[in-house]
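Q: The structure follows.
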Amino acid sequence: MRPEQPRPATKGESMKLLNCPLNGIRNISEFSYGGEYHPMPDHIASSSRDWAEYVFFHDNNAGIVTEWWCHIASSFWFLAERNTVTDEIIRTFKTDELFHGRADVTDPKSESK
Amino acid sequence: MPLGLLKYGFSSKYPAKHHFTPAKDLKKHYDVVIIGGGGHGCAIAYNLAKYHGLHNVAILEKSYLGGGNTARNTAVIRSNYLTEAGVNFYSESVKLYNNLSNEFNYNIMMESRGQLTLAHSDSAIRGFRWRAEVNKHLGVRSELVDRQTISELVPNLNMSEDTRFPIMAGLWHADGATARHDAVAWGYAKGACDRGVELHQLTEVEDIEITNNRVTAVKTNRGRVECGAVVQAVAGASSIVAKKAKIPLPIHCYPLQAMVTQPYKPILTPHVSSPQVHVYVHQTSRGEFVIGGGSDPYPLYNTRATLDQRESLSSAALELFPFLSQARILRQWAGTTDMTPDYSPIMGLSPVENYYLDAGWGTWGFKATPICGVTMAELVATQKVPELIRPFELERFYRFEQVNEAGATAASH
Chain Y
1 MRPEQPRPAT KGESMKLLNC PLNGIRNISE FSYGGEYHPM PDHIASSSRD
51 WAEYVFFHDN NAGIVTEWWC HIASSFWFLA ERNTVTDEII RTFKTDELFH
101 GRADVTDPKS ESK
Chain L
114 MPLGLLKYGF SSKYPAKHHF TPAKDLKKHY DVVIIGGGGH GCAIAYNLAK
164 YHGLHNVAIL EKSYLGGGNT ARNTAVIRSN YLTEAGVNFY SESVKLYNNL
214 SNEFNYNIMM ESRGQLTLAH SDSAIRGFRW RAEVNKHLGV RSELVDRQTI
264 SELVPNLNMS EDTRFPIMAG LWHADGATAR HDAVAWGYAK GACDRGVELH
314 QLTEVEDIEI TNNRVTAVKT NRGRVECGAV VQAVAGASSI VAKKAKIPLP
364 IHCYPLQAMV TQPYKPILTP HVSSPQVHVY VHQTSRGEFV IGGGSDPYPL
414 YNTRATLDQR ESLSSAALEL FPFLSQARIL RQWAGTTDMT PDYSPIMGLS
464 PVENYYLDAG WGTWGFKATP ICGVTMAELV ATQKVPELIR PFELERFYRF
514 EQVNEAGATA ASH
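Line order of the protein sequences matches chains Y and L.
Start counting the first sequence at 1; every next residue gets the next number (our numbering).
Start counting the second sequence at 114; every next residue gets the next number (our numbering).
Next up, the structure:
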């Protein structure tokens, strides 16, 4: 998998813009990168090794990736598809495209007691 | 003069000898294949050939010798780290650097002009005291210095108390140094090639063949090569290459940008860095001011330069050295840093038996080049992990035993 040739510099753009699904187009300096998107493993069934991989390891792909971003001023978290070779943002979207309802983080052991 | 020039033109000593033998065809089998012909890859090959009697070694380089992050770093050598593992490792590297020109019989232009890190807050002073004590305990020259000493060390530093972040104290590291980064790669490559190692440039590894959890061969754009062992030393592309061997890594690649001014007469002796205003500045022996250390705010496989970084590096450099306001920027560039969660490298064994990792060189790779060559060669030749690099093995992340290196970079984070 060879990364495609990067396009020259920033095509004359002096700043990069990100389209926040809540606040619209803003300078990228208003946002914070929040890491790659990975579905969380089952926190009870998964082994310590699986959990370590989820926490520390990254795909670090050269190409199109899905990742977390946060608009700092409004603390709004959302997802973005971005090309890590050409430095282009393909699209941004709200979390409800991937998440339906809240994650269940109750510990069955503590409930049974 | 014209006659002398003509004589030189006909001399058998001209053109000058190549540093290394030009590429031949790839052999069918090598005992060790090293992926990546930068400083690290060449240093490993050099040590294998010179000290472990392994001469059937190939370095496979996608582009050209030392053309990746070896050429893009800002050539800072220091050992004033914070963790015991880090200080021990980097101080061995500085010792090797001090003798490297003699070792090669080739000038790497090593200059030990010291390094000064600035504190602009009480919490930074506390951190520096801690680092100074750890450093002294482990035999590294490192001390906390006051404003008076700072003005004596760097007379043209802006010591005004009327700035956003006035300088309160500093961490003085007399062992801090710089060297010519290209010469380090060339010296190792020359020494390795003189001892039978083959350097194959424009040779890209496309696939890695693994059977029974052992590497048997690598496929390149110039053919298939069987091998006894593989070392990957490809800073900035570690995740991409490791993926071919199905090894996941805890790395994110961020560009790190730096820039350099046109040359001026020598006025700045030590390397000066400020974690608070995110910049480091030193003057090269050619007279250029190197202004460095701006990490991009998100991961990217691209070495473009941005106006954002040029602005933030410039404003920070001007706060420390207002006289640079008239300086002209000659060029700005980026390197790709392999950032690990704990700011320490990933070296040693991998989940694949005869596949060795030399990765995770975020912003600390150049200064580690000599010791990395020594320890990785020892590992490959003896199959035993040297104590110096045991803390840096990949497995530490699965055991939740990270080496939290808070002294990792001079400027960023």
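The beta carbon of each residue, even a glycine, is placed where N, CA and C say it ideally should be.
At 4 residues or longer, and completely inside the region 26-83 of chain Y: list those alpha helix (DSSP H) runs for me, N to C.
A: Taking only runs of at least 4 residues, the alpha helix (DSSP H) segments lying wholly in the region 26-83 of chain Y are 48-56.
Q: Kindly list the residues whose CB is nearer than 7 Å to the CB of L/Arg417, restricted to its own chain and excluding five residues on each side of it in sequence; keep chain order.
A: Taking the first residue of the second sequence as position 1, residue 417 of chain L is located at position 304. If we look at L/Arg417 and ignore the five residues flanking it on each side, its Cβ neighbours are Ala447.
Q: For L/Gln370, tell me which candidate among L/Val354, L/Val338, L/Val403 and L/Ile353 has the shortest Cα-Cα distance.
A: Start at 1 with the first residue of the second sequence, and residue 370 of chain L comes out as number 257. Answer by Cα proximity: L/Val403.
Q: Any Cβ of chain L within less than 8 Å of the Cβ of Y/Pro6?
A: Translated into the one-based positions of the first sequence, residue 6 of chain Y becomes position 6. Since pLDDT at Y/Pro6 reaches only 46, below the 50 mark, its modelled position is unreliable, and the value read off the structure follows with that caveat. Yes, Y/Pro6 lies at the interface with chain L (some Cβ there is under 8 Å from its Cβ).
Q: So is L/Ile364 in contact with chain Y if we call contact Cβ pairs under 8 Å?
A: Numbered from 1 along the second sequence, position 251 holds the residue referred to as residue 364 of chain L. For L/Ile364, the answer is yes, since a Cβ of chain Y falls inside 8 Å of its Cβ.
Q: Would you tell me roughly how many angstroms separate the C-alpha atoms of Y/Ile90 and Y/His71, rounded to the nearest one?
A: The residue you call residue 90 of chain Y lines up with position 90 of the first sequence. The residue you call residue 71 of chain Y lines up with position 71 of the first sequence. Rounded to the nearest angstrom, the two C-alpha atoms are 17 Å apart.
Q: To which residues of the same chain is L/His233 closer than 8 Å at the C-beta, ignoring the five residues directly before and after it?
A: Here residue 233 of chain L refers to the residue found at position 120 when the second sequence is read from its first residue. For L/His233, where only same-chain residues beyond five positions count, the Cβ hits under 8 Å are Phe278, Pro279, Ile280, Met281, Ser387, Gln389 and Val390.
Q: State yes or no: is the C-beta of Y/Asn23 within less than 8 Å of the C-beta of Y/Ser74?
A: Along the first sequence, read from residue 1 onward, the residue named residue 23 of chain Y stands at position 23. Along the first sequence, read from residue 1 onward, the residue named residue 74 of chain Y stands at position 74. In contact: Y/Asn23 and Y/Ser74 (Cβ atoms closer than 8 Å).
Q: Enumerate in chain order the residues of its own chain whose CB-to-CB distance from L/Asn271 is below 7 Å, with the five nearest sequence positions on each side excluded.
A: Working through the second sequence from its first residue, we reach residue 271 of chain L at position 158. Answer for L/Asn271: Glu432, Leu433, Phe434 and Pro435, listed in chain order.
Q: Ends of the alpha helix (DSSP H) at L/Val145?
A: As a position in the second sequence, residue 145 of chain L is number 32, starting the count at 1. That residue, L/Val145, is in no alpha helix (DSSP H); its beta strand (DSSP E) goes His142 to Ile148.
Q: Return yes when the Cβ of Y/Ala52 is within less than 8 Å of the Cβ of L/Tyr414, no when it is not.
A: What you label residue 414 of chain L is simply residue 301 of the second sequence in a count that begins at 1. What you label residue 52 of chain Y is simply residue 52 of the first sequence in a count that begins at 1. No, Cβ-Cβ distance for L/Tyr414 and Y/Ala52 is not below 8 Å.
Q: Within 8 Å of any Cβ in chain Y, is that where the Cβ of L/Leu413 sits?
A: One-based indexing of the second sequence puts residue 413 of chain L at position 300. Cβ-Cβ to chain Y under 8 Å: yes for L/Leu413.
Q: Does any C-beta atom of chain Y lie closer than 8 Å to the C-beta of L/His526?
A: Numbered from its first residue, the second sequence carries residue 526 of chain L at position 413. Low per-residue confidence applies at L/His526: pLDDT is 40, beneath 50, and the placement is therefore not dependable enough to give any value.
Q: Let me see if you follow: with CB-CB separation under 8 Å, is Y/Thr10 close to chain L or not?
A: Here the question's residue 10 of chain Y lines up with position 10 in the first sequence. Any reading at Y/Thr10 needs caution, since the residue's pLDDT is 42, under 50, leaving its predicted position unreliable; the model's value is listed next. Interface residue, yes.
Q: Should L/Pro361 be flagged as near chain Y, meaning a C-beta pair shorter than 8 Å?
A: Residue mapping note: residue 361 of chain L aligns to position 248 of the second sequence, counting from 1. So yes, L/Pro361 belongs to the interface.
Q: Going by beta carbon distance, what residues of the same chain come within less than 7 Å of L/Pro483, once the five residues before and after it are set aside?
A: On the second sequence, residue 483 of chain L is found 370 positions in, with the first residue counted as 1. Ala156, Ser206, Leu209, Tyr210 and Leu213.
Q: Taking the alpha-carbon of L/Glu216 as reference, which of L/Pro363, L/Val200 and L/Ala305 has the nearest alpha-carbon?
A: As a working note, residue 216 of chain L is residue 103 in the second sequence. Per the Cα distances, L/Ala305.
Q: Could you tell me whether any Cβ in chain L is nearer than 8 Å to the Cβ of Y/Tyr33?
A: As a first step, residue 33 of chain Y must be located in the first sequence, where it is residue number 33. Judged by the 8 Å Cβ criterion, Y/Tyr33 is in contact with chain L.
Q: Restricting to Cα atoms, I'd like to know which of L/Leu266, L/Val338 and L/Trp299 is closest to L/Asn218.
A: As a working note, residue 218 of chain L is residue 105 in the second sequence. Closest by alpha carbon: L/Trp299.
Q: I need the straight-line Cα distance from L/Phe133 to Y/Arg26, nearest angstrom please.
A: Mapped onto the second sequence, residue 133 of chain L falls at position 20. Mapped onto the first sequence, residue 26 of chain Y falls at position 26. Cα to Cα, L/Phe133 sits roughly 52 Å from Y/Arg26.
Q: Identify whether L/Gln261 lies in helix, strand or coil by the three-state DSSP scheme.
A: In the second sequence, the residue the question calls residue 261 of chain L occupies position 148. DSSP places L/Gln261 in helix when its eight states are reduced to three.
Q: Using the rule of at least 16 other Cβ atoms within 10 Å of the residue's Cβ for burial, across every protein chain shown, is L/Tyr177 buried or exposed?
A: Taking the first residue of the second sequence as position 1, residue 177 of chain L is located at position 64. L/Tyr177 is exposed by the Cβ-count criterion.
Q: Give me the subset of the region 321-352 of chain L whose CB atoms are less than 9 Å from a CB atom of chain Y, sorted by chain position.
A: From the region 321-352 of chain L, only Ala350, Ser351 and Ser352 have a Cβ closer than 9 Å to chain Y.
Q: Note the first and the last residue of the continuous beta strand (DSSP E) segment covering L/Pro368.
A: Taking the first residue of the second sequence as position 1, residue 368 of chain L is located at position 255. Unbroken beta strand (DSSP E) run through L/Pro368: His365 to Thr374.
Q: Closest by CA to L/Thr291, which one among L/Gln515, L/Glu491 and L/Ala481?
A: In the second sequence, residue 291 of chain L corresponds to position 178, counting from 1. Considering only alpha carbons, the answer is L/Ala481.
Q: Let me see if you follow: with CB-CB separation under 8 Å, is L/Tyr511 close to chain Y or not?
A: Locating residue 511 of chain L in the second sequence gives position 398, where the first residue counts as 1. True, the Cβ-Cβ gap to chain Y drops below 8 Å.
Q: Just by C-beta distance, which residues in the region 87-105 of chain Y are closer than 8 Å to chain C?
A: Within the model displayed, chain C is absent; protein chains Y and L are what it includes.
Q: To the nearest angstrom, how far is the alpha carbon of L/Ala408 from that of L/Ile364?
A: Walking along the second sequence from the start, residue 408 of chain L turns up at place 295. Walking along the second sequence from the start, residue 364 of chain L turns up at place 251. The question names Ala, but residue 408 of chain L is Ser in the sequence shown. About 15 Å.
Q: With H, G and I counted as helix, E and B as strand and the rest as coil, what does DSSP make of Y/Lys11?
A: For the purposes of this step, residue 11 of chain Y is identified with residue 11 of the first sequence, where counting begins at 1. Since pLDDT at Y/Lys11 reaches only 46, below the 50 mark, its modelled position is unreliable, and no value is offered.
Q: For chain Y, is any of its Cβ atoms less than 8 Å away from the one on L/Gly410?
A: Taking the first residue of the second sequence as 1, we reach residue 410 of chain L at position 297. The amino acid occupying residue 410 of chain L in the given sequence is Pro; Gly does not appear at that position. Yes - at least one Cβ of chain Y is within 8 Å of the one on L/Pro410.
Q: In three-state terms, what does DSSP make of L/Ile380?
A: Taking the second sequence and counting its residues from 1, one reaches residue 380 of chain L at position 267. Of the three classes helix, strand and coil, the one that applies to L/Ile380 here is coil, per DSSP.
Q: Could you run through the region 259-282 of chain L and flag, in chain order, every residue whose CB is less than 9 Å away from some CB of chain Y?
A: Correct list: empty, as no residue qualifies.
Q: Quick check: the Cα distance between L/Val247 and L/Ser457, rounded to an integer number of angstroms?
A: To locate residue 247 of chain L, count along the second sequence from 1; it is residue 134. To locate residue 457 of chain L, count along the second sequence from 1; it is residue 344. For L/Val247 and L/Ser457, the distance between alpha carbons rounds to 17 Å.
Q: Can the beta-carbon of L/Pro410 be found closer than 8 Å to that of Y/Phe57?
A: The count along the second sequence starts at 1 and reaches residue 410 of chain L at position 297. The count along the first sequence starts at 1 and reaches residue 57 of chain Y at position 57. Their beta carbons are not under 8 Å apart, which means L/Pro410 does not touch Y/Phe57 by this criterion.
Q: In three-state DSSP terms, what is L/Val493?
A: As a working note, residue 493 of chain L is residue 380 in the second sequence. The answer is helix: DSSP assigns L/Val493 an H, G or I state.
Q: Can you find a C-beta in chain L that's less than 8 Å from the C-beta of Y/Arg26?
A: Here residue 26 of chain Y refers to the residue found at position 26 of the first sequence. Chain L contact via Cβ: absent.
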